[in-house]
Amino acid sequence: MPAGDASRTGMPHGEAAAAPAHPRRRARVSRAWWALVAVLTLAIGASAGGPAIAAAALDMALARTLGAERVRVHVTAWPPALWAGRMDALTVAAQNLRVGSLRVRSLDATLDRVQIDAAALYAGRDITIRRLGSAVARIVVSEDALQDLLDAQPQLRDARVSLEPGRLHVAGTIAVLGLPVHAAGDGRLVLRGSRTVDLVLDHMTVAGVPVPAPMVRRLLRPLNPVLDVGVLPFGLHLTGVTVAGGELIVDAAAGDS
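What follows is the structure, encoded as structure tokens:
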């Protein structure tokens, strides 16, 4: 079209040449929009998968910390807060683990309103609880595990332990003036403070002769505490101990519970 024709139609001079710029601008806006959508989608996906990722990280961290043969962790959090470390509820079921020197058959714990150190968990597989609403836990120890604990005591040989409802019986051989003599006793497993379980013998004989209580406590000093929940990462305090047939059951809590 001649230049004069553009003037007669009222179209500003040069506008026809500029018109193709609009599709390019719309294309740039469209690409930016879809990039934003992709970022938001990834963020939402990561957030929605947060509880599962946190559970997997806690599973690995607890297996290492507790030396557990098997750990199952379930995390509930809404809205999901993967990187903040906030959880509405955390349940832990561990089997065949170590609590100090004691082999534990199982540990089951439920924690509510938990805030963990997320950086320590995801970067170093360490569990540090910053805040906790409440928690309850149960620890079960088999008679065989207590037998192993007695077998590890160098001052006691040929040890035998048996658990009956409410009571515990032990027997073995100890050295007196360099001579091996038979020792036997019966007693209880009791709470000592807020974190430990001790073995207390109400009666003990050595070569059939009753042993005074102060000497019994001295003999048991290397063995106690039998269990110390202070080594667990949940801040638990003990609430009860039960000696059942063939097993020891310890209940614990934390926070408001």
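41 is the number of the first residue of the sequence shown in the working numbering; add one for each residue after it.
Cβ coordinates follow ideal geometry from the N, Cα and C atoms, glycine included.
- Task: Would you kindly work out how many angstroms separate the C-alpha atoms of L241 and P91, rounded to a whole number?
- Result: When the Cα atoms are used, L241 and P91 turn out to be separated by approximately 47 Å.
- Task: Tell me whether A190 is buried or exposed, calling it buried when 16 or more other Cβ atoms sit within 10 Å of its Cβ.
- Result: Reading the sequence as shown, one finds Leu at residue 190 and not Ala. Buried, because 16 or more other Cβ atoms sit within 10 Å of the Cβ of L190.
- On the three-state DSSP scale, how would you describe R232? Per DSSP, reduced to three states, the secondary structure at R232 is strand.
- When G218, A133, Q155 are compared against H114, the one with the closest alpha-carbon: Out of G218, A133, Q155, A133 has the C-alpha closest to the C-alpha of H114.
- Quick one: what's got a C-beta closer than 8 Å to T116's C-beta in the same chain, skipping five residues either side? For T116, the CB contacts under 8 Å within the same chain, skipping 5 residues up- and downstream, are P91, M127, D128, A129, L130 in chain order.
- Does DSSP classify A247 as helix, strand or coil? Coil at A247, not helix or strand.
- Query: At a cut of 8 Å, does the segment 181 to 196 reach the segment 284 to 292 through at least three beta carbon pairs?
  - Reply: Yes, the segment 181 to 196 touches the segment 284 to 292.
- Just reading off the alpha helix (DSSP H) that A160 is part of, what are its end residues? Boundaries of the alpha helix (DSSP H) around A160: 158 to 164.
- Tell me which same chain residues have a C-beta within less than 8 Å of the C-beta of V139, skipping the five on either side of it? So the list reads L106, L147, I179, L267, D268, V269, V271, L272, once near-sequence residues are dropped.
- Item | Which of helix, strand or coil DSSP assigns to T105 | Three-state DSSP puts T105 in a helix.
- Specify the secondary structure class of L288 as computed by DSSP and reduced to three states. L288 carries a strand assignment under DSSP once its states are collapsed to helix, strand and coil.
- Task: Can you give me the start and stop residues for the alpha helix (DSSP H) that V256 sits inside?
- Result: Start and end: 253 to 260.
- Query: Is it true that the segment 145 to 160 meets the segment 248 to 256, where meeting means three or more beta-carbon pairs spaced less than 8 Å apart?
  - Reply: Judged by Cβ distances under 8 Å, the segment 145 to 160 makes no contact with the segment 248 to 256, as fewer than three pairs qualify.
- Message: Can you tell me whether V271 is helix, strand or coil according to DSSP?
- Response: Secondary structure at V271: helix, using DSSP grouped into helix, strand and coil.
- Inspect the beta-carbon positions of R165 and R110 and report whether they are closer than 9 Å. Result no, Cβ atoms of R165 and R110 do not sit closer than 9 Å.
- beta strand (DSSP E) segment containing A185, residue limits: According to the DSSP assignment, A185 belongs to no beta strand (DSSP E) but to the alpha helix (DSSP H) extending over 183 to 191.
- V290 classed as buried or exposed, judged by whether at least 16 other C-beta atoms fall within 10 angstroms: Burial state of V290 is buried, judged by a 10 Å Cβ sphere holding 16 or more other Cβ atoms.
- Of the listed residues S234, R232, T213, M100, nearest to A224 (C-alpha basis): When S234, R232, T213, M100 are compared, the shortest CA-CA separation from A224 is found for T213.
- Item | Three-state secondary structure (DSSP) of L239 | L239: strand per DSSP, three-state reduction.
- Message: For the beta strand (DSSP E) containing S202, name the first residue and the last one.
- Response: Annotation: the continuous beta strand (DSSP E) that includes S202 extends over 197 to 204.
- Hey, how far is the Cα of M15 from the Cα of A177? Since the first and last residues shown for the chain are 41 and 297, residue 15 lies out of range.
- Message: Rounded to whole angstroms, what is the Cα-Cα separation between G280 and V210?
- Response: Each residue's Cα considered, the two are about 22 Å apart.
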